[in-house]
Amino acid sequence: MLMLANELAELQTTRVTSTAFTMLMMVMILVGANVQAAGDITPDASDFAAYRHTQTSIILRWGVEVAFLLVLFLGQYLFRKLVWFPYVGDPLTNFIDLMYLANISAVVMDDKHTGYYLHGRNHSQHSDTTL
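Going by our numbering, the first residue of the sequence shown is number 1333, and it counts up by one from there.
What follows is the structure in structure tokens.
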């Protein structure tokens, strides 16, 4: 039972996206490829060269950063849902399989009067009977 409680505690910290990867890619794209200059107010929108007296628009820069953040988030989300979880393994499905192998169910109380009932998924038609 203690092993399952530890696995549940680890499962609660699992995320679909990686914040560190997202921030690293944001810095690499915005600073490394100088895409942050897309927030500068210039006559030629495709010119990202650094000018001496260029004004930076806070709204344009925020829009560029949010757009890249959403693209990176969506890319990670789709990769995890379409490639990683079906072929490598879903942590929630692995936890339910572990509960089935341990032949236990769990009640997780997240508040004083509310909670979740987790039952290990049985692949046969009847539970707790001889096969």
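For every residue, glycine included, the Cβ atom is placed at its ideal position computed from N, Cα and C. All values reported here derive from a predicted model rather than from experimental measurement.
Span of the alpha helix (DSSP H) around residue i
i, result
"Leu-1450", "That residue, Leu-1450, is in no alpha helix (DSSP H); its beta strand (DSSP E) goes 1447–1451."
"Ala-1399", "1390–1411"
"Val-1359", "1351–1359"
"Asn-1366", "Neither: Asn-1366 is in no alpha helix (DSSP H) and is coded neither H nor E."
"Thr-1425", "1423–1434"
"Leu-1336", "1334–1343"
Buried versus exposed call for residue i [16 or more other C-beta atoms within 10 Å across all chains shown]
i, result
"Ala-1370", "buried"
"Leu-1298", "Residue coverage of the chain in this structure runs from 1333 to 1463, which leaves residue 1298 outside it and unanswerable."
"Phe-1278", "Residue 1278 lies beyond the residue range present for the chain, which begins at 1333 and ends at 1463; the question has no answer from this structure."
"Gln-1344", "exposed"
"Leu-1402", "exposed"
"Leu-1356", "exposed"
"Gln-1387", "exposed"
Delimiting residues of the beta strand (DSSP E) encompassing residue i
i, result
"Met-1441", "1437–1441"
Among the options, the one whose alpha carbon lies nearest that of residue i
i, options, result
"Leu-1433", "Val-1439, Asp-1443 and Thr-1425", "Thr-1425"
"Leu-1430", "Leu-1450, Met-1441, Asp-1443 and Val-1420", "Leu-1450"
"Glu-1339", "Ile-1428, Leu-1401, Phe-1417 and Val-1420", "Ile-1428"
"Leu-1334", "His-1445, Asp-1443 and Ile-1436", "Ile-1436"
"Asn-1366", "Leu-1404, Glu-1397, Leu-1336 and Val-1439", "Glu-1397"
"Met-1360", "Leu-1404, Ala-1341, Lys-1413 and Arg-1384", "Leu-1404"
"Gln-1368", "His-1385, Glu-1342 and Ala-1399", "Ala-1399"
**Study point:** Three-pair Cβ contact test at 8 angstroms for the segment 1335–1354 versus the segment 1402–1414
**Key:** They touch, by the three-pair rule.
Exercise for review: Count the CB pairs spanning the segment 1386–1395 and the segment 1354–1372 that are closer than 8 angstroms, and state whether there are at least three.
Suggested key: Taking one beta carbon from each stretch, the segment 1386–1395 and the segment 1354–1372 have 3 or more pairs nearer than 8 angstroms; the two touch.
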